[in-house]
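Residue numbers (my numbering), protein chains in the order written: chain A, 1 to 494; chain B, 1 to 312; chain C, 1 to 288.
Some notes on the structure that comes next.
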Amino acid sequence: MPKTLSKSNPARELVFGDLWEFDPAPETADPKLKPRYDLFINGSFVPPRAGKYFATINPAHETKIADIALADASDVNSACIAAQKAFVSVWGKMPGKERGKYLYRIARLLQDHAREFAIAETLDGGKPIKESRDFDVPMAAAHFFYHAGWADKLEHLAPGRQIAPHGVVGQVIPWNFPLLMLAWKIAPALAAGNCVVLKPAESTSITALKFGEICQEAGLPNGVVNIVSGAAETGAAVIQHPLTMKVAFTGSTEVGKSLMRSLAGTDKKMTMELGGKAANIVFDDAPLDQAVEGIVNGIFFNQGHVCCAGSRLLVQESIADEVLAKLKRRIAVLRVGDPMDKNTDLGAINSREQLAKITDLVQIGVAEGAEKYDNGCKLPAKGFFFRPTIFTNVSMSHRIAREEIFGPVLSILTFRTPEEAIEKANNTPYGLSAGVWTDKGSRILKMSTLIKAGVVWANTYNKFDPTSPFGGYKESGFGREGGKQGLLDYLMVD
Amino acid sequence: MPAAKAPTSLRRLFDEIGTVDQVGIEERVATFTTRSLKKKSKVFGLRLAVSMVDLTTLEGKDTPGKVASLCQKALCPHDVGDIPPTAAVCVYPAMVKHARKHVGGTSVKIASVATAFPSGQAPLKTRLAEVRAAVKDGADEIDMVINRGAFLSGEFGRMQDEIAAVVEACGQATLKVILEVSELETYDNIRAASFLAMRVIRPGDFIKTSTGKTSSNATLGNNQVMLEAIRDHFLATGIPISMKPAGGIRTAKQALHFLIAVKETLGDEWLNNRRYRFGASALLNDLVRQLEKERTGAYQAPWNFSEATEGY
Amino acid sequence: MTRINISKTPKCYVGGAFIRSESGRVTALHDASGAFFANIPQCTRKDLRNAVEAAAKAGPGWAKRSAFNRGQILYRLAEMMEARSSELAEAVALGGASKADASREVAASIERVVHYAGWTDKYEQILGSVNPVASAHFNFTVTEPMGIIGVIAPDDSPLLALVSLILPAITSGNCVVALASGTQPYPSILLGEMLATSDLPGGVVNLLTGLRSEMVPTFATHEHLRALNGVVNAADRKTLKLGAAESVKRVHLLKAEEPIDWFADKKQGVEEIRALIEFKTTWHPVGA
Numbered sequence: 001m002p003k004t005l006s007k008s009n010p011a012r013e014l015v016f017g018d019l020w021e022f023d024p025a026p027e028t029a030d031p032k033l034k035p036r037y038d039l040f041i042n043g044s045f046v047p048p049r050a051g052k053y054f055a056t057i058n059p060a061h062e063t064k065i066a067d068i069a070l071a072d073a074s075d076v077n078s079a080c081i082a083a084q085k086a087f088v089s090v091w092g093k094m095p096g097k098e099r100g101k102y103l104y105r106i107a108r109l110l111q112d113h114a115r116e117f118a119i120a121e122t123l124d125g126g127k128p129i130k131e132s133r134d135f136d137v138p139m140a141a142a143h144f145f146y147h148a149g150w151a152d153k154l155e156h157l158a159p160g161r162q163i164a165p166h167g168v169v170g171q172v173i174p175w176n177f178p179l180l181m182l183a184w185k186i187a188p189a190l191a192a193g194n195c196v197v198l199k200p201a202e203s204t205s206i207t208a209l210k211f212g213e214i215c216q217e218a219g220l221p222n223g224v225v226n227i228v229s230g231a232a233e234t235g236a237a238v239i240q241h242p243l244t245m246k247v248a249f250t251g252s253t254e255v256g257k258s259l260m261r262s263l264a265g266t267d268k269k270m271t272m273e274l275g276g277k278a279a280n281i282v283f284d285d286a287p288l289d290q291a292v293e294g295i296v297n298g299i300f301f302n303q304g305h306v307c308c309a310g311s312r313l314l315v316q317e318s319i320a321d322e323v324l325a326k327l328k329r330r331i332a333v334l335r336v337g338d339p340m341d342k343n344t345d346l347g348a349i350n351s352r353e354q355l356a357k358i359t360d361l362v363q364i365g366v367a368e369g370a371e372k373y374d375n376g377c378k379l380p381a382k383g384f385f386f387r388p389t390i391f392t393n394v395s396m397s398h399r400i401a402r403e404e405i406f407g408p409v410l411s412i413l414t415f416r417t418p419e420e421a422i423e424k425a426n427n428t429p430y431g432l433s434a435g436v437w438t439d440k441g442s443r444i445l446k447m448s449t450l451i452k453a454g455v456v457w458a459n460t461y462n463k464f465d466p467t468s469p470f471g472g473y474k475e476s477g478f479g480r481e482g483g484k485q486g487l488l489d490y491l492m493v494d
Numbered sequence: 001m002p003a004a005k006a007p008t009s010l011r012r013l014f015d016e017i018g019t020v021d022q023v024g025i026e027e028r029v030a031t032f033t034t035r036s037l038k039k040k041s042k043v044f045g046l047r048l049a050v051s052m053v054d055l056t057t058l059e060g061k062d063t064p065g066k067v068a069s070l071c072q073k074a075l076c077p078h079d080v081g082d083i084p085p086t087a088a089v090c091v092y093p094a095m096v097k098h099a100r101k102h103v104g105g106t107s108v109k110i111a112s113v114a115t116a117f118p119s120g121q122a123p124l125k126t127r128l129a130e131v132r133a134a135v136k137d138g139a140d141e142i143d144m145v146i147n148r149g150a151f152l153s154g155e156f157g158r159m160q161d162e163i164a165a166v167v168e169a170c171g172q173a174t175l176k177v178i179l180e181v182s183e184l185e186t187y188d189n190i191r192a193a194s195f196l197a198m199r200v201i202r203p204g205d206f207i208k209t210s211t212g213k214t215s216s217n218a219t220l221g222n223n224q225v226m227l228e229a230i231r232d233h234f235l236a237t238g239i240p241i242s243m244k245p246a247g248g249i250r251t252a253k254q255a256l257h258f259l260i261a262v263k264e265t266l267g268d269e270w271l272n273n274r275r276y277r278f279g280a281s282a283l284l285n286d287l288v289r290q291l292e293k294e295r296t297g298a299y300q301a302p303w304n305f306s307e308a309t310e311g312y
Numbered sequence: 001m002t003r004i005n006i007s008k009t010p011k012c013y014v015g016g017a018f019i020r021s022e023s024g025r026v027t028a029l030h031d032a033s034g035a036f037f038a039n040i041p042q043c044t045r046k047d048l049r050n051a052v053e054a055a056a057k058a059g060p061g062w063a064k065r066s067a068f069n070r071g072q073i074l075y076r077l078a079e080m081m082e083a084r085s086s087e088l089a090e091a092v093a094l095g096g097a098s099k100a101d102a103s104r105e106v107a108a109s110i111e112r113v114v115h116y117a118g119w120t121d122k123y124e125q126i127l128g129s130v131n132p133v134a135s136a137h138f139n140f141t142v143t144e145p146m147g148i149i150g151v152i153a154p155d156d157s158p159l160l161a162l163v164s165l166i167l168p169a170i171t172s173g174n175c176v177v178a179l180a181s182g183t184q185p186y187p188s189i190l191l192g193e194m195l196a197t198s199d200l201p202g203g204v205v206n207l208l209t210g211l212r213s214e215m216v217p218t219f220a221t222h223e224h225l226r227a228l229n230g231v232v233n234a235a236d237r238k239t240l241k242l243g244a245a246e247s248v249k250r251v252h253l254l255k256a257e258e259p260i261d262w263f264a265d266k267k268q269g270v271e272e273i274r275a276l277i278e279f280k281t282t283w284h285p286v287g288a
């Protein structure tokens with residue numbers, strides 16, 4: 001019976017061979033890229049004062065795509081001054097319903113340009129085109145659309161209290177969902193009446209700077225949105241600038257802590273969306289094929305470059321073999337390769353550095369005695385790629401079970417009782433997200449209550465929505481993004 | 001063949017075979033529709049689909065003449081291009097002997113719906129007699145309907161015994177067990193009924209979604225539930241069961257989505273017409289039309305392919 | 001022969017018990033006229049650690065209490081304070097406040113307790129939400145307590161400020177380790193006695209007295225404290241925020257150098273509760 005799937009009879013295995021191979025199906029539309037991107041400050045694209053640029057490369061081919069302006073402290077200063085001026089003279093005074101109209105326009109324009117944004121995102125970041133096309137870009141537009149409607153309804157967020165925007169908000173975003181993280185940051189900030197200085201991640205600046213073009217097309221008043229590309233120092237300059245009254249950061253816990261330290265002597269408001277090491281807990285009564293989908297989606301979505309990735313699978317001991325067998329069969333049909341191919345399931349690792357980090361941690365996993373399995377698929381000769389990888393025989397003390405790998409690497413642990421599952425799930429300084437799979441409703445509610453995490457996906461995983469608050473407990477950060485709870489973080493309440 | 005010991009309640013059956021989450025499986029099948037097939041892989045898929053069609057006519061107004069033209073089309077779906085014959089023709093029992101005149105001795109099988117299709121609401125004796133008559137007239141394959149009433153009222157043993165009796169009446173003929181998924185309603189029920197049926201049929205026999213005579217028919221969702229049931233049954237017992245979605249698959253694009261589901265769920269060994277069929281009538285026209293488009297590079301007008309006259 | 005008074009030894013309320021500092025140190029407290037009043041425990045970082053342990057023990061049980069039950073317990077606290085309000089007023093007046101001002105502060109403190117007693121089973125309905133996501137999922141956001149909250153009370157308004165900082169934390173099921181006013185600690189000693197008789201489980205609120213300079217660094221770095229709610233000077237704010245960064249602690253600090261009107265309506269309410277809770281969002285498919 002299926003509960004004890006045959007491991008003993010290899011003749012009974014399914015054959016996922018090459019009988020019906022897919023031809024390449026590349027996305028070929030023009031992403032309308034410029035060879036050089038300047039900084040978007042005060043409504044215009046301006047070269048950096050120091051005249052410095054850095055190359056952004058396509059991680060799938062290791063070829064240069066464009067030169068990106070490197071903003072230094074003086075450029076950041078110009079951007080903050082422009083934002084402050086826009087806040088005082090236009091945006092802060094504008095009635096909410098008018099602000100909302102600009103956000104609606106931006107949402108619509110993102111939809112108009114969806115295809116070129118999707119291609120640019122995939123070129124620059126390496127994620128599969130089907131994800132940037134079906135998830136990142138539409139979800140970014142949805143965030144603007146959702147928050148547009150809030151702009152004239154802010155008083156409902158804190159009834160009976162006075163609310164006001166902070167003024168200039170400094171935002172630093174990561175490379176895993178470049179445009180979407182921009183939307184998560186800019187849409188609520190603008191809806192609340194703030195102006196923005198945003199620093200995109202060094203390896204993925206293009207869609208953020210293209211967003212500057214959208215702002216121009218939308219006729220957004222100059223200085224309301226400013227995009228300053230650069231490296232860590234640029235981000236630090238944004239965060240520490242005296243004009244940024246509130247800062248919002250998404251990235252690693254390590255960097256988040258250092259930013260918090262750097263702001264210790266200030267009165268700045270902060271929100272932090274940091275790392276995670278989520279437990280995805282599968283009980284023996286779960287709908288197993290859907291659980292396997294959730295496991296796959298949880299750890300291989302966006303090559304595992306997801307802070308809320310379900311990187312620790314906790315599976316009930318009685319079904320561990322069956323789940324593992326199903327999982328192996330499922331990843332046999334995952335397609336790793338050219339991110340621009342419409343059939344690619346796992347694209348390129350975002351950068352050489354990230355690939356090295358993943359490789360290191362996987363080697364450590366092997367050295368620590370965990371058992372490694374990957375789907376053995378062929379990888380492109382050039383570019384940064386990593387096979388979907390599963391570790392069994394993992395214990396909580398293993399580094400692969402404790403550290404955020406941020407790659408397509410799953411650690412599988414087992415448990416026997418709900419209490420043991422909770423104990424293992426919570427045995428981490430992180431607390432961003434978790435998954436629970438069971439057919440028993442009351443158990444879902446109990447587990448969801450006991451798991452210390454900001455998002456719990458029950459019988460699903462990696463779902464996002466503008467109306468749904470997202471953010472962590474413990475060292476996964478504080479503050480929420482999305483929903484009414486997230487929006488209020490962009491307002492001062494008196 | 002005696003029925004295997006039937007579980008006494010759905011609850012116990014689900015403990016054994018597991019349940020299905022509706023939203024999750026529908027998300028999974030949605031990913032099949034985003035696969036992009038180009039050039040050779042598209043032609044391969046379209047030709048494979050043609051070879052899997054059970055070209056069907058099941059109407060009160062069927063005549064020997066209609067069946068004759070159906071058979072011609074099954075043998076030679078299009079006069080140009082290298083297009084394979086379909087897997088079978090599917091007709092009412094009264095039409096079997098007429099079909100035999102045209103496709104007997106060819107690769108095109110004769111399938112016949114029997115067992116008081118589509119409701120199954122006739123005494124078992126009558127249903128079995130119908131099966132035997134169709135087989136005697138030359139049917140290679142029998143498409144039966146399960147006793148949904150028995151399933152829904154929890155009489156699993158009765159449902160399985162009746163299937164087992166039909167298996168026996170089939171003799172050498174292949175059996176296709178129609179679950180009539182729209183009347184089972186939930187994916188959990190479809191999975192349960194699939195297992196109950198698979199446990200009493202023979203290797204190479206089919207489970208099939210629908211009669212095509214109710215409000216909803218084959219969907220990627222219920223197809224997937226059944227493919228996964230077949231997979232789990234095969235991995236547990238080594239018995240390969242075949243699959244036939246029927247009704248509602250009208251376009252080549254849909255058929256390719258179903259085939260991608262097969263490729264990614266059951267793998268290469270199910271990508272042939274012994275293991276997978278489409279129960280369809282209009283589908284063949286669109287498959288041929290798309291193949292012609294691939295061959296000529298030009299989009300084709302429908303009137304070259306369809307016997308329907310309603311197009312303009 | 002005149003009867004000799006039995007003078008009370010002020011003790012801190014930790015883990016439901018009345019303790020002296022583990023250090024054995026005390027600070028002499030004088031009344032407004034300069035006369036010796038009592039020796040107040042001078043707690044140390046180890047006392048703070050012990051208090052956090054006590055809070056950690058009490059926390060899960062307190063968070064699991066029904067909202068209705070928490071409300072009743074807070075209301076019981078108001079009853080206990082009301083019964084001893086004149087004693088509380090005398091304690092507040094020790095620091096030099098007029099009798100009228102002291103009584104006013106006590107009355108406002110009791111009102112504040114009643115105010116939060118009414119919030120226990122309502123804030124969730126204001127702060128939580130059901131979120132209309134676009135996919136076939138039921139999605140809802142609930143609040144949860146953060147855990148153990150470090151409270152650092154200002155020197156002024158020794159009772160009202162203290163309860164204003166503690167109440168929003170425990171209303172939602174958090175536990176508190178609080179450092180009382182440095183200059184006027186005695187009201188916190190009495191408050192401890194009232195907490196002890198209020199049905200509030202021991203360990204939910206722990207009240208320490210002592211030197212800010214000794215305690216602030218530990219409030220800053222103790223990782224089990226999940227948030228800080230207090231009033232401190234600029235130097236302490238920096239120390240606390242630097243320490244908080246190490247474990248990504250939530251920090252809500254008001255400036256000791258600016259006047260605070262603790263009587264104001266906006267010093268109480270659901271926004272104060274919001275600052276000390278986490279939001280948890282749960283997704284579930286909708287299907288049959």
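Heads up, the beta-carbon is just placed ideally off N, CA and C, and yes, glycines get one too.
Starting from residue i, find everything on chain B with Cβ-Cβ shorter than 8 Å and list it in chain order.
i, result
"A/N462", "The premise fails here: A/N462 is roughly 11 Å from chain B at the closest Cβ pair, so nothing lies under 8 Å."
Name the chain A residues whose beta carbon is nearer than 7 Å to that of residue i?
i, result
"C/H137", "T460 and K463"
Across which residues does DSSP place residue i in a beta bridge pair?
i, result
"C/R226", "DSSP, once it has assigned bridges, lists no residue as partnering C/R226."
"A/T392", "A/E371"
"B/Y276", "B/M243"
"B/C90", "B/T56 and B/A111"
Please compile the residues from chain C whose C-beta is within a distance smaller than 8 Å of the C-beta of residue i.
i, result
"B/D21", "P285 and G287"
Looking at the secondary structure, which residues open and close the alpha helix (DSSP H) in which residue i lies?
i, result
"A/F464", "Element bounds for A/F464: n/a, residue is neither H nor E."
"A/L263", "A/L263 -> no alpha helix (DSSP H), and no H or E assigned at all."
"A/G486", "G483 to L488"
"B/E294", "L283 to T296"
"C/V14", "Note, C/V14: premise wrong, no alpha helix (DSSP H); beta strand (DSSP E) at C12 to V14."
"A/G212", "I206 to E217"
Interface residues of chain A around residue i at Cβ under 9 Å?
i, result
"B/D268", "L14, V15, F16, G17, D18, L19 and W20"
For the beta strand (DSSP E) holding residue i, just list the boundary residues, first then last.
i, result
"A/C195", "C195 to K199"
TODO: Could you say if the region 162–169 of chain A and the region 82–94 of chain A meet the contact criterion of at least three C-beta pairs nearer than 8 Å?
DONE: yes
Open item on the list: Three Cβ pairs or more, each shorter than 8 Å: is that satisfied between the region 257–273 of chain A and the region 360–375 of chain A?
Closed with: no
Task: Continuous alpha helix (DSSP H) assignments of at least 4 residues falling wholly in the region 222–282 of chain C - done: 234–246 and 270–274
Open item on the list: Contact between the region 172–183 of chain A and the region 95–103 of chain A is defined here as three or more beta-carbon pairs at a separation below 8 Å; is this criterion met?
Closed with: no
TODO: Counting only runs of 4+ residues fully inside the region 142–187 of chain B, write out the alpha helix (DSSP H) ranges in chain order.
DONE: 148–152, 156–170 and 181–184
Task: Meets three-Cβ-pair contact criterion under 8 Å: the region 156–172 of chain C and the region 248–264 of chain C - done: yes
Task: Entirely enclosed alpha helix (DSSP H) segments - the region 109–147 of chain C, minimum 4 residues - done: 123–127
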